């Protein structure tokens with residue numbers, strides 16, 4: 117029935133599947149909330165780069181959790197690469213960047229947030 121040697125696993129509801137779905141939903145909501153806080157602060161003229169870094173990290177975490185949900189149903193090298201890249205490699209640097217920027221200010225991480233224009237600094 118399936119070509120290209122793809123097999124669909126049984127559609128049993130298991131604890132890892134339930135936890136992956138819950139993780140994906142919560143991380144998507146949390147990423148949206150943090151991004152909304154960054155956007156509101158940006159609209160008020162405040163510099164809060166740690167919120168942007170955290171929202172990017174949480175969005176990457178969502179991608180990893182969503183890929184895990186997909187992988188529980190069907191094997192896909194693309195979703196495995198997404199799961200591995202976003203979950204194992206990309207989340208920690210963004211969350212760490214946000215944390216160090218929050219604790220020490222933007223000066224603690226030179227070069228990372230240079231996209232800010234000089235006109236926005238008041």
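In the numbering used here, the protein residues as written are 117 to 238. No residue lacks a Cβ here, since even glycine has one placed at the ideal position from N, Cα and C. No experiment lies behind these values; they were computed from the predicted model shown.
Check whether residue i and residue j have beta carbons under 8 Å apart
i: residue 178; j: residue 143; result: yes
i: residue 174; j: residue 146; result: yes
i: residue 207; j: residue 180; result: yes
i: residue 169; j: residue 214; result: yes
Inter-residue Cα distance where the pair is residue i and residue j
i: residue 182; j: residue 148; result: 15 Å
i: residue 135; j: residue 209; result: 24 Å
i: residue 152; j: residue 212; result: 20 Å
Minimum C-alpha distance to residue i - residue among the options
i: residue 137; options: 170, 154, 207, 185; result: 185
i: residue 202; options: 172, 218, 219, 164; result: 172
i: residue 217; options: 161, 204, 196, 166; result: 166
i: residue 240; options: 164, 131, 130; result: This structure cannot settle anything about residue 240, because the visible part of the chain is limited to 117 through 238.
Reduced DSSP secondary structure (H/G/I, E/B, other) of residue i
i: residue 220; result: helix
Other residues of its chain near residue i: CB distance less than 7 Å, five sequence neighbours each side excluded
i: residue 199; result: 180, 183, 184, 187
i: residue 139; result: 181
Sequence-distant residues of the same chain with beta carbon closer than 8 Å to residue i, five excluded per side
i: residue 133; result: 185, 188
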